[in-house]
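Note that the numbering used here numbers the sequence shown so that position 339 is 345, with each residue one more than the last. Worksheet for the structure shown next.
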Amino acid sequence: MNKKLNNFRKRFVTLGLTTILSLSSLGLVFADGARVVTLGADLTQNQKDTMLKYFGVNENEVVILDVNNQEERKYLQGVASEAQLGKKTYSCAYVEPTKSGSGINVKTANITWATPAMVATTLSTAGLTDADVVIAANFPVSGTGALTGIMKAFEDATGEPLDEDKKELASEELITTGDLGEDIGQDKATGIVNDVKTEIIKNNTKDTVQIAETINNVVNNYNVTLSDEQMAKLENLMAKISEQDYNYNEMKNALESVSNVVNENLSAMGESVNKGFFDSIKNFFTGIGDWFKETFGGESKDSSILESTNDNILGENAQIDATDKSTINLPSSEEVEGFFAKIINWFKGLFNNESDSNQDNTQQTEIVPNEQNNTNEETSNILDENSSTEETPQDNADTSVSNEDDETLDVQTEDQGSFDTQEQQSN
């Protein structure tokens with residue numbers, strides 16, 4: 007009897023381990039397109055190399071493209087101020103098209119003006135529906151140049167050009183949302199633009215009066231008051247969006263994901279959006295459905311480029327954010343192995359009387375966040391005034407941050423007149 011029980015235990019544990027390993031490898035098959043990296047043309051070669059290390063890729067693993075300030079101006083000229091346009095491009099992007107229905111997932115590093123949710127909803131306007139995107143820079147920049155890089159990377163990865171009108175609209179939306187965010191907060195601005203756009207596209211609204219009513223209703227949901235000029239800009243933007251041939255069903259996941267991120271961010275700040283009882287119920291059950299889909303639908307995030315980044319390489323003061331907060335400061339490979347050891351011990355504990363000792367072993371293998379690497383900073387003046395598009399603090403300093411590999415990263419900063427200075431100081 008004991009022999010049969012032992013054999014059953016071994017088979018069950020083996021089956022459990024096989025299942026775990028199978029689930030952990032499923033994420034390898036879901037990429038639908040090539041992975042493309044765009045690098046700011048005005049970065050030094052060392053800074054470009056650092057960005058590739060941050061993205062966790064080698065040159066022979068991805069397509070690498072440069073993005074310059076002239077390309078930025080192609081879409082931002084006329085909607086962005088000269089200060090926002092700047093003269094140089096430092097931000098970089100890593101893009102991978104994903105399977106249909108995945109939505110748009112965005113992670114940012116050292117991007118001070120454009121939030122992940124803001125970028126995600128803007129990309130849906132450009133015509134992207136399913137993609138993982140990482141935007142980063144060696145030092146804090148605004149991120150205005152990143153949108154151009156993302157669109158360029160997505161086109162190269164899929165082999166299909168995006169509609170030029172939609173690309174221009176996306177650029178206009180980014181500036182409109184960012185400017186609005188300076189007055190009412192980035193999350194509320196993103197939520198308003200995303201929600202209005204959702205209603206316009208879903209209901210195929212064309213009438214300017216109805217567009218104005220939709221904007222007014224959404225603005226009221228966020229408990230803010232906009233000026234006549236701000237309302238006029240939103241009406242003009244949404245009128246242009248209503249003229250495009252957007253497919254709501256294709257955009258739905260991306261738009262809903264942005265709405266959820268905004269709601270979570272506002273809730274964390276003690277605020278909420280008045281969307282009504284039935285909308286709240288709908289969002290609740292949608293969230294449950296998404297959880298089951300992610301848990302039992304065979305999807306895995308192991309292959310996501312958002313999780314391949316090395317957040318420590320930019321130093322302990324790097325500003326990291328993401329639409330999916332679980333991709334920030336991920337555990338090391340040793341900790342992941344500890345996680346699997348924890349599950350293995352759980353299986354073993356089902357069939358023996360050593361539950362107490364197994365529990366102790368489980369606690370020892372519990373995932374603990376990485377301690378930040380100790381960094382040393384040295385400063386020296388390096389850049390002239392008004393030389394950067396997405397520039398940095400007032401110090402005019404070139405800061406070197408050493409990481410655990412004893413590699414030195416160049417961190418360049420700009421003068422007080424640059425676009426990002428006031429934004430960063432307020433943070």
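All residues carry an ideal CB built from backbone N, CA and C; glycine is no exception. If you're wondering where the values come from, they're calculated on a predicted model, not measured in any experiment.
How far does the alpha helix (DSSP H) with residue i in it extend, from its first residue to its last?
| i | result |
| --- | --- |
| K246 | 234-248 |
| D189 | 170-190 |
| I141 | Segment 137-147 is the beta strand (DSSP E) holding I141; no alpha helix (DSSP H) there. |
| G155 | 152-164 |
Using the beta-carbon count (16 or more within 10 Å), is residue i buried or exposed?
| i | result |
| --- | --- |
| P146 | buried |
| E77 | buried |
| F290 | With a pLDDT of 45 at F290, under the threshold of 50, the modelled position of that residue is not reliable, and no figure is offered here. |
| A176 | buried |
| V43 | buried |
| Q3 | Residue 3 lies beyond the range of the chain shown here (7 to 433); nothing can be said about it. |
| T214 | exposed |
| N409 | Only weak support is given to the placement of N409: the predicted model assigns it a pLDDT of 42, under 50, and the question is left unresolved by the model. |
| N209 | exposed |
| G155 | buried |
| N200 | buried |
| G187 | buried |
| Q378 | Note on Q378: pLDDT 41, under 50, position unreliable in the model; the coordinate value appears next. Q378 should be labelled exposed. |
| K173 | buried |
| S435 | The chain is shown only over 7 to 433; residue 435 falls outside these bounds and no answer can be derived. |
| D171 | exposed |
| E102 | buried |
| D234 | exposed |
| K105 | exposed |
| D390 | Per-residue confidence for D390 stands at a pLDDT of 37, beneath the threshold of 50, marking its modelled position as unreliable; the derived number appears in the next sentence. Exposed, because fewer than 16 other Cβ atoms sit within 10 Å of the Cβ of D390. |
| G295 | Note that G295 scores 48 on pLDDT, short of 50, meaning its location in the model is unreliable and no value can be drawn from it. |
| N226 | exposed |
| T231 | exposed |
| S263 | buried |
| M244 | buried |
| A274 | exposed |
I'd like the span of the beta strand (DSSP E) that includes residue i, first residue to last.
| i | result |
| --- | --- |
| Y100 | 98-103 |
| A328 | 326-328 |
| N253 | Neither: N253 is in no beta strand (DSSP E) and is coded neither H nor E. |
| G321 | Note, G321: premise wrong, no beta strand (DSSP E); not H, not E. |
| T44 | 42-46 |
Out of the options, state which residue places its alpha-carbon closest to the alpha-carbon of residue i.
| i | options | result |
| --- | --- | --- |
| E179 | D138, Q53, A132 | A132 |
| D169 | V43, Y252, D234 | Y252 |
| S108 | T315, T135, I221, N222 | T135 |
| C98 | T211, E262, T50 | T50 |
| I334 | Y254, T183, N111 | N111 |
| D48 | G92, E88, R41, A40 | G92 |
| G165 | R41, I311, S332, S310 | R41 |
| D72 | L272, Y96, S273, M257 | Y96 |
| N6 | A115, E205, D138 | Within the shown structure, residues of the chain are numbered from 7 to 433, placing residue 6 beyond reach of any answer. |
| G184 | T231, T104, V125 | V125 |
| Q53 | T182, S130, A142 | A142 |
| S314 | T127, I206, G46, V140 | V140 |
| N266 | T196, E88, T182, N64 | T196 |
| D55 | N144, S130, L232 | N144 |
| E256 | Q325, S273, I207, I247 | I207 |
| T211 | Q90, Y254, S332, I181 | Y254 |
| I181 | N259, L129, P167 | L129 |
| K258 | Q90, T127, K113, G46 | T127 |
| Y100 | S87, N64, A89 | N64 |
| S248 | I326, I198, E205 | E205 |
| N74 | Q90, S332, S87, G46 | G46 |
| L272 | K94, I326, N229, D138 | N229 |
Report yes or no: do three or more beta-carbon pairs, one from the region 105-123 and one from the region 79-88, lie closer than 8 Å?
no
Below 8 Å, how does it come out for the region 150-157 and the region 191-198: are there three or more Cβ pairs, yes or no?
no
Taking three-plus beta-carbon pairs below 8 Å as touching, is the region 310-329 in contact with the region 47-63?
yes
Does the region 155-169 come close enough to the region 227-240 to have 3 or more Cβ pairs within less than 8 Å?
no
Every unbroken alpha helix (DSSP H) inside the region 60-124 [4 residues or more]
With a minimum length of 4 residues, the continuous alpha helix (DSSP H) runs that stay inside the region 60-124 are 75-82, 88-91.
Which runs of the alpha helix (DSSP H), 4 residues or longer, sit entirely within the region 197-234?
214-227
Does the region 68-77 come close enough to the region 207-220 that 3 or more CB-CB pairs lie under 8 Å?
no
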